[in-house]
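J.: Using the UniProt record's numbering, read the sequence shown as starting at 1 and increasing by one per residue.
Built from N, CA and C at the ideal position, the CB exists for glycine as well.
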Amino acid sequence: MEKNHSDNCCDICDVKFTGSKSRDAHYNGKKHLQRAKLHQDIHCGVFVTAFNASQSNGVAQYFSKFGKIIKTYLGPKSNYLIIVFEKKASAEAVLNTKHFFEGNMLVVEKRNQPTKLKMAPVEESSDANSFEILKRLQGIPNVNDQLEMFLQVMTPDFDQVVPNYHKVNTDLLDAMKSKFGSCEVYPFGSTTTRLQFNNSDIDIYVNIRNRPKEDEDCLKQAKKALYSSNLFRNIICIPSARVPIIKCVHIETEIKCDVNFINMLGVRNSQLIHYYLSLDSRLRSIMLVIKYWAKVHGLAGGNQMFTNYSLVLMFLFYLQQSYSFPSVFSLQQNTSPSDQQFIWNANIVITENQSSSVEFVNATPLTILKGFFKFYLDFPYATHIICPYLGKSVDKKLFEQLSTIPQEFIVYKMNIETIEPLKCHMPVCLQDPFVHNFNTCGTVFSKTLQKYVILCEFALKNILSENNEVNMLYLLFTEQPDEKLSHIPQPNPNNYIVRIRMNKYSNHLRKKVMLPENNPDYKRELLKLWFEEVHNYVQTLFKKVYKFNIVEVDNSDRNNSKNSRLDNQSDVYDFTDCKKYIVTSFLNLWDSRNMNTSPIDDELAKCKTTLERNIVVSEYLWQKSINIRPSSPLFVCQVNFMCLEEPAMVNIELIRINSYKRVYKAFCKYLLYRLPKDFEQNEIELSL
């Protein structure tokens, strides 16, 4: 990659440096690396037009003779093609040659960065800036004054940012009305609970009266409306999130936005948090300290970590347990669900003049903060659920059987046949106060929990225990154990687990069980059939739809595999134990499957299932790409199948062996989103 920077500035990102530290931090930063990659793609790429939609594959094959192609992108209307070569010399050779294809002269131009994608200048590393700012906490003699300084330097002036928030909401509402007509916007999240830091995103829920039925259709139409408004940029749809959202940036204020169109739950959550924090003015500053502490120590803000929402719930639960703050259950007396979008009651009755315990009134901010770390250092995560709804911990065993679930969870019990059960088997179970089948820490790995507990202990014994309060907050944010937690295994970003659960659509297998339903072995035989169906479906998907090479690994330690567990699941089933495969991918056949199907329409008409149609499409694409397939794999990974009885589930673990750039990661994220849905669709079709 050619040099586009100096010791004083980065030409790619338009950033000037104040010294060697800021320079090194910038060049190693994620934003610079992303832009450098885009810069390289542009210099190795060409823009091709003047061909018919049916010629697109042939055009790509034609240009492959100039050098190895690492990326192609066909325009939405098949009216242009972007080709990125491995080497800049290949692109230059293409640009210096006239090109004819099937009698037509192709128009080939140098690839330019589109105006729509033009990026704003990057600021220096926010973490580096934060630590420079936090140095202002040094030398302040007591914690109360340190808290005041912390708020000054790390949080925005509320009176100054409110007009900007209002402008974002107004512009978003105007953009949505132009497309959907009647709608309302509801801000929520940290900007409404006042738990935001400088440059925090703003979360907004848009209630569309005549909303498209399908989430993806809604996101696509909303994205078009945002583009048409010319008020927002960097507009990205994320349909695979738990709550599908659109990310964008408001041009006038440069505020980043996360917009959802699904339900009001985030708004209700924020109202609940706002209520609790309003009970005492000290709570906001303490919660912000906890939130920042978790961020700088790598406990929050990433995969397999705590979310900011879960950290707030943990703080509220600690207050319920230690200082008699009201439970959510008590706040919901004489209320009922008002949102018809979901079954849960998310309403509360605000209790005016809520009296605080004497202990809380007399507690200092430092006492409250130390109590938080002590509480979660000692909490029995393995056996108990953190339950803000009841305001007390709940034994996990109570949720193993319907008859033992506490009566306060009547909605959960009444709907257990149609909803996913609470994942209380995870290392941390923090039950959502409204959606009682949702574990807000369901993605937190045991390694993250271990690190969290060690840091709680370190904070208590080495920082907060000192009688001298000078520099206490600064040390809390910057100090770690001497070994820097190197003995704690970190979550592996190369491993992914896709979970497929047995559901009501699996009933078509019952007629295949050769035993009466009252036979003790009936359920086990049914599970065996279902496990085989999942295994065969995924194998077919990998081999015939994605065109992977698959080799089964000799599983010589199968007798010991029954003792293994994934995520503390019980009863690893011995039908398959753990089947293992080495999977190799040479072509991306999971993306961009929208195509002109006229050459294979007759074959598609004969297909009875979605899986069969996908196989036909993949075979067509595979044959069309015969001359441009890369000689080396896109990625190689190990795939492990683990079957579990309680609850009935198949865990499919993917372990990276090697990958070209981020192809493996992109595929895994795609599979996490698509595979459970596609398998359910397959079961529905089989049951018809």
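Go to K370, then tell me how far its alpha helix (DSSP H) extends in each direction, as first and last residue.
T.: Along the sequence shown, read from residue 1 onward, the residue named residue 370 stands at position 370. First-last of the alpha helix (DSSP H) with K370: P365 to D378.
J.: Assuming the contact rule is C-beta atoms closer than 8 Å, residue 689 and V249 should be a hit. Round their C-beta distance to whole Å, please.
T.: The requested residue 689 is not part of the displayed model; the chain covers only 1 to 688.
J.: Hey, could you find the ends of the beta strand (DSSP E) R499 is sitting in?
T.: Reading the sequence shown from its first residue, position 499 is the one you call residue 499. Start and end: N495 to R501.
J.: Out of P421, F317 and P388, which one is the CA nearest neighbour of A648?
T.: As a position in the sequence shown, residue 648 is number 648, starting the count at 1. Per the Cα distances, P421.
J.: At which residues does the alpha helix (DSSP H) containing C456 begin and terminate?
T.: On the sequence shown, residue 456 is found 456 positions in, with the first residue counted as 1. Counting along the chain, the alpha helix (DSSP H) containing C456 begins and ends at S446 to N462.
J.: Does DSSP put A50 in a helix, in a strand, or in coil?
T.: Position 50 of the sequence shown, counted from the start, is the residue given in the question as residue 50. Residue state, collapsed to three classes: coil.
J.: Name the two residues that bound the continuous beta strand (DSSP E) containing N549.
T.: Looking up residue 549 in the sequence shown gives position 549. Element bounds for N549: N549 to E552.
J.: Report the start-end ranges of each beta strand (DSSP E) in the stretch 600-665 that is 3 residues or longer and not cut off at the edges.
T.: The qualifying runs are 635-646 and 649-659.
J.: Out of S90, E109, Y165 and S178, which has the shortest C-alpha to C-alpha gap to Y80?
T.: Position 80 of the sequence shown holds residue 80. The shortest Cα separation from Y80 among S90, E109, Y165 and S178 belongs to E109.
J.: Compute the Euclidean distance between the alpha carbons of N347 and P388, then round it to the nearest angstrom.
T.: Sequence index remark: in the sequence shown, residue 347 carries index 347 (1-based). Sequence index remark: in the sequence shown, residue 388 carries index 388 (1-based). C-alpha separation (whole angstroms): 15 Å.
J.: Determine the contact status of L299 and Y474, defining contact as a CB-CB distance below 8 Å.
T.: Here residue 299 is taken as the residue at index 299 of the sequence shown, counted from 1. Here residue 474 is taken as the residue at index 474 of the sequence shown, counted from 1. No, the pair does not count as a contact, with Cβ atoms beyond the cut-off.
J.: Alpha carbon to alpha carbon, how far is Y62 from F101?
T.: Within the sequence shown, numbered from 1, the residue matching residue 62 stands at position 62. Within the sequence shown, numbered from 1, the residue matching residue 101 stands at position 101. Near 8 Å, if we compare the C-alpha coordinates of F101 and Y62.
J.: What distance in whole Å lies between the Cβ atoms of V470 and V444, which are believed to be in contact at a cut-off of 8 Å?
T.: Working through the sequence shown from its first residue, we reach residue 444 at position 444. Working through the sequence shown from its first residue, we reach residue 470 at position 470. That pair is no contact at about 34 Å.
J.: Tell me whether the stretch 371-389 and the stretch 327-336 touch, counting them as touching only if at least three CB pairs, one residue from each stretch, are closer than 8 Å.
T.: Contact between the stretch 371-389 and the stretch 327-336 is present, because at least three Cβ pairs lie under 8 Å.
J.: Taking the straight line between their C-alpha atoms, what separation do you get for Y537 and E653?
T.: For this step, residue 537 is matched to residue 537 along the sequence shown. For this step, residue 653 is matched to residue 653 along the sequence shown. Whole-angstrom Cα-Cα distance: 16 Å.
J.: Three-state secondary structure (DSSP) at Q304?
T.: Residue 304 sits at position 304 when you count from the first residue of the sequence shown. Three-state result, Q304: coil.
J.: Could you tell me if S182 is buried or exposed, where buried requires 16 or more neighbouring beta carbons within 10 angstroms of its beta carbon?
T.: Your numbering for residue 182 matches position 182 in the sequence shown. Label assigned to S182: exposed.
J.: Ordered along the chain, which non-local residues of its own chain (more than five positions away) have a Cβ less than 7 Å from that of S687?
T.: As a first step, residue 687 is located in the sequence shown; it is residue number 687 there, counting from the start. Hits under 7 Å: Y505, N507 and H508.
J.: Roughly how many angstroms separate the alpha carbons of A666 and K68, rounded to a whole number?
T.: Residue 666 sits at position 666 when you count from the first residue of the sequence shown. Residue 68 sits at position 68 when you count from the first residue of the sequence shown. Between A666 and K68, the C-alpha separation is close to 21 Å.
J.: In its own chain, which residues sit with a C-beta less than 7 Å from the C-beta of S609, not counting the 5 before and 5 after it?
T.: Here residue 609 is taken as the residue at index 609 of the sequence shown, counted from 1. A small fix is needed here, since residue 609 is Thr in this sequence, not Ser. Answer for T609: N682 and E685, listed in chain order.
J.: Under the assumption that F315 contacts I290 (Cβ atoms under 8 Å), give the Cβ distance between them as a whole number of angstroms.
T.: The count along the sequence shown starts at 1 and reaches residue 315 at position 315. The count along the sequence shown starts at 1 and reaches residue 290 at position 290. Sure, about 6 Å apart at Cβ, within 8 Å.
J.: Taking the straight line between their C-alpha atoms, what separation do you get for M426 and V59?
T.: For the purposes of this step, residue 426 is identified with residue 426 of the sequence shown, where counting begins at 1. For the purposes of this step, residue 59 is identified with residue 59 of the sequence shown, where counting begins at 1. In a straight line, the C-alpha of M426 is about 51 Å away from that of V59.
J.: Is the beta carbon of S618 less than 8 Å from the beta carbon of F635?
T.: For the purposes of this step, residue 618 is taken as the residue at position 618 of the sequence shown. For the purposes of this step, residue 635 is taken as the residue at position 635 of the sequence shown. For S618 and F635, no; Cβs fall outside 8 Å.
J.: If we ignore side chains and look at the alpha-carbon of each, how far apart do D521 and V513 end up?
T.: Position 521 of the sequence shown, counted from the start, is the residue given in the question as residue 521. Position 513 of the sequence shown, counted from the start, is the residue given in the question as residue 513. So the two alpha carbons sit approximately 10 Å from each other.
J.: Do residue 711 and I405 have their CB atoms nearer than 8 Å?
T.: The structure shown does not extend to residue 711, since the chain is modelled only from 1 to 688, so the question has no answer here.
J.: Which one of L219, N263 and S229 has the shortest CA to CA distance from I238?
T.: Taking the first residue of the sequence shown as position 1, residue 238 is located at position 238. When only C-alpha atoms are compared, the closest one is L219.
J.: So, helix, strand or coil for K149, using DSSP?
T.: One-based indexing of the sequence shown puts residue 149 at position 149. The amino acid occupying residue 149 in the given sequence is Met; Lys does not appear at that position. Residue state, collapsed to three classes: helix.
J.: Within this structure, are the beta carbons of T193 and H99 separated by less than 8 Å?
T.: Residue numbering aside, residue 193 sits at position 193 when the sequence shown is read from its first letter. Residue numbering aside, residue 99 sits at position 99 when the sequence shown is read from its first letter. For T193 and H99, no; Cβs fall outside 8 Å.
J.: Report the three-state DSSP secondary structure of P187 (helix, strand or coil).
T.: Start at 1 with the first residue of the sequence shown, and residue 187 comes out as number 187. Of the three classes helix, strand and coil, the one that applies to P187 here is strand, per DSSP.
J.: Just mark K579 as buried or exposed, buried being the case when its beta carbon has 16 or more other beta carbons within 10 Å.
T.: The residue you call residue 579 lines up with position 579 of the sequence shown. By the 10 Å Cβ count, K579 comes out buried.
J.: Taking the Cβ atom as the reference point for each residue, do V84 and F66 lie within a distance shorter than 8 Å?
T.: Taking the sequence shown and counting its residues from 1, one reaches residue 84 at position 84. Taking the sequence shown and counting its residues from 1, one reaches residue 66 at position 66. No, these two residues do not count as a Cβ contact at 8 Å.
J.: Ignore the nearest five residues each way along the sequence and tell me which others in F158's own chain have a CB closer than 8 Å to its CB.
T.: On the sequence shown, residue 158 is found 158 positions in, with the first residue counted as 1. Correct list, in chain order: R194.
J.: Using only alpha-carbon positions, find the residue among Q55, I70 and D171 that is nearest to V259.
T.: Within the sequence shown, residue 259 is the residue found at index 259, counting from 1. When only C-alpha atoms are compared, the closest one is D171.
J.: Rounded C-beta distance between Q304 and T440? I'm assuming under 8 Å.
T.: As a working note, residue 304 is residue 304 in the sequence shown. As a working note, residue 440 is residue 440 in the sequence shown. Not quite, the Cβ-Cβ distance comes to about 14 Å (not below 8 Å), so this is no contact.
J.: I550 to V435, Cα distance in whole Å?
T.: On the sequence shown, residue 550 is found 550 positions in, with the first residue counted as 1. On the sequence shown, residue 435 is found 435 positions in, with the first residue counted as 1. Spanning the two alpha carbons is a distance of roughly 40 Å.
J.: Answer with buried or exposed for V361, where buried requires no fewer than 16 other C-beta atoms within 10 angstroms of its C-beta.
T.: Walking along the sequence shown from the start, residue 361 turns up at place 361. Looking at its Cβ environment, which holds fewer than 16 other Cβ atoms inside 10 Å, V361 is exposed.
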